[in-house]
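To start, the structure itself, in C-alpha cells.
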Amino acid sequence: MKKIVRTICLMSLCAMVFLLCACGASKDNEILDRKTQTVEQEMRDFTKELDKYRGLSDAQIQEYINTIESYKKNNQLTEEKAKMNEDIIKEWHEIEGQIGKFQEYGEFEFDSAGKTYTATLNLKYENRDVRLIYVISKKDFEITGANVEIVYTLGEKMSKAGLNTVTGIVIVFLMLVLMCIIIYAFNIINYLQATYKKKKEETKIEITTLDGDDAVTEETKVDDKELIAVIAAAIAASTNQSTDDFVVRSIRRKV
C-alpha cells in the first residue's frame, strides 16, 4: 500500500513539473511573439522613414552621415549604432532610384540561429522587390545589424555569378600573360648582359694587343740605336777619329 502511495505521489510530482515547464515555455513563447510583433511594426515604421530620404543628393546624404558622426562624438549613439545607421542609409541611397514607388508590405519572417534572431520584412515596390533585414541579439533583444537590399531573381543571380566567373577567368589570364612577359623580359636582360660582357672582353683584348705592338716597336728602336752606336764606334776606331760629333738617328723599318 505504501509503495502505491509513493508511486502516485511521484507521478503527481512529475506531472506538476511538466506542467510548470510547459507553462514556462508557453510564457516565453508569448513574450517572444509580442517582441516579434513589435519588431515587425518597427520595421514597417522604419520603411516609412526611409521613404523620406528619396531623391537626396550625395551632398545631402553626406550631411546626414556627418550628423550621425556628431551624435557618436557626443555619446548620443554608440559606435555600432552609428555605423549601422550610416550603412543602411548608404544602401538605401544606392537602390532607391531603381525600385520605384512603394506598393505594399510583403511577408514577414523571424528566424533563430545561434545567439541571434533574424527578422526579414519583404517590401513590394513598383519596379523591384526589396528586403529589409534586422539582426537581433538574443541576450538583450537589441538590434545589432540592419541592411536593405534588392531581391534578385534566380536568373539574375546566375547571370551575376556567371559574370563574376568570367571576370575571374579574365583576371587570371591577364596575370599569366603578365608573368610570361616578365619571364621573357628576363631573357632579354640576360642576352643584353652577355652581349655587353662580350664586347667588353673584345675591347680589352684589342687594347692589350695595341700595347704589345707599341712595346715591340719601342724595343726595335732601342735595338737599332745600339747597333748604330756599335758600328760608329768600330768605324771611329779604325780611322782614329773622335766620336764626339756623331749623331745617332733612329731608323724606321718598313713592315
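Counting from 1, position 230 in the sequence shown corresponds to residue 235 in the working numbering; the numbering is continuous, with no gaps.
Beta carbons: idealized from backbone N, C-alpha and C, even for Gly.
Computed from a prediction, not measured in an experiment: that's the story for all the values here.
Leaving aside the five residues before and after residue i along the sequence, list all residues of the same chain whose C-beta is less than 8 angstroms from its C-beta, in chain order.
i      : result
Tyr58  : Ile66, Tyr69, Ile94, Trp97, His98 and Glu101
Thr172 : none
Lys259 : Model confidence at Lys259 stands at a pLDDT of 49, short of 50, so the residue's coordinates are unreliable; what they give is reported in the following sentence. Taken in chain order, the list of residues that qualify is empty.
Gly105 : Tyr130, Glu131, Asn132 and Arg133
Leu18  : Residue placement at Leu18 is flagged as unreliable, the pLDDT there being 46, under the threshold of 50; the coordinate-derived value follows with that caveat. So no residue of the chain qualifies.
Lys40  : Phe146
Lys144 : Lys120
Going by Cα to Cα distance, which pick from the options is closest to residue i?
i      : options                         : result
Gly60  : Gln42, Gln103 and Glu84         : Gln103
Val44  : Gly167, Thr125 and Ala87        : Thr125
Gly119 : Leu137, Glu84 and Ser142        : Ser142
Leu137 : Glu85, Val177 and Asp92         : Asp92
Thr52  : Glu84, Ala151 and Ala199        : Ala151
Gln108 : Arg49, Glu161, Leu197 and Gln42 : Arg49
Asp338 : Ser164, Lys165 and Val153       : In the structure as shown, the chain starts at 6 and stops at 260, and residue 338 therefore has no counterpart that could be examined.
Asn34  : Glu161, Ser117 and Met184       : Ser117
Spatial neighbours of residue i within its chain, please: CB distance less than 6 angstroms, with the 5 preceding and 5 following residues excluded, ordered by chain position.
i      : result
Leu82  : Tyr76
Val221 : Per-residue confidence for Val221 stands at a pLDDT of 46, beneath the threshold of 50, marking its modelled position as unreliable; the derived number appears in the next sentence. Nothing meets the Cβ criterion.
Lys203 : none
Val10  : Bear in mind that a pLDDT of 46 at Val10, under 50, signals an unreliable position, so the number given afterwards is only what the model happens to contain. Closer than 6 angstroms at Cβ, skipping near neighbours: no residue.
Since residue i and residue j should fall inside the 8 angstroms C-beta cutoff, what is the C-beta to C-beta distance between them, to a whole number of angstroms?
i      : j      : result
Thr149 : Val135 : The Cβ separation is near 21 angstroms, so there is no contact.
Asn132 : Gly111 : 15 angstroms between Cβ atoms; not a contact.
Ile73  : Ala64  : Going by Cβ atoms, the distance from Ile73 to Ala64 rounds to 15 angstroms, so no, they are not a contact pair.
Tyr122 : Phe113 : Not confirmed; about 13 angstroms, so no contact.
To which residues of the same chain is residue i closer than 7 angstroms at the C-beta, ignoring the five residues directly before and after it?
i     : result
Cys28 : With a pLDDT of 44 at Cys28, under the threshold of 50, the modelled position of this residue cannot be trusted; read the value that follows with caution. Result list for Cys28: empty, nothing under 7 angstroms.
* To do: Any chance you could list the alpha helix (DSSP H) runs of at least 4 consecutive residues sitting entirely within the stretch 69-120, in chain order?
  => Those alpha helix (DSSP H) runs which fall completely within the stretch 69-120 and span 4+ residues are 84-104.
* Asked: Which runs of the beta strand (DSSP E), 3 residues or longer, sit entirely within the stretch 144-196?
  -> Entirely contained in the stretch 144-196, the beta strand (DSSP E) runs reaching 3 residues are, in chain order, 148-155.
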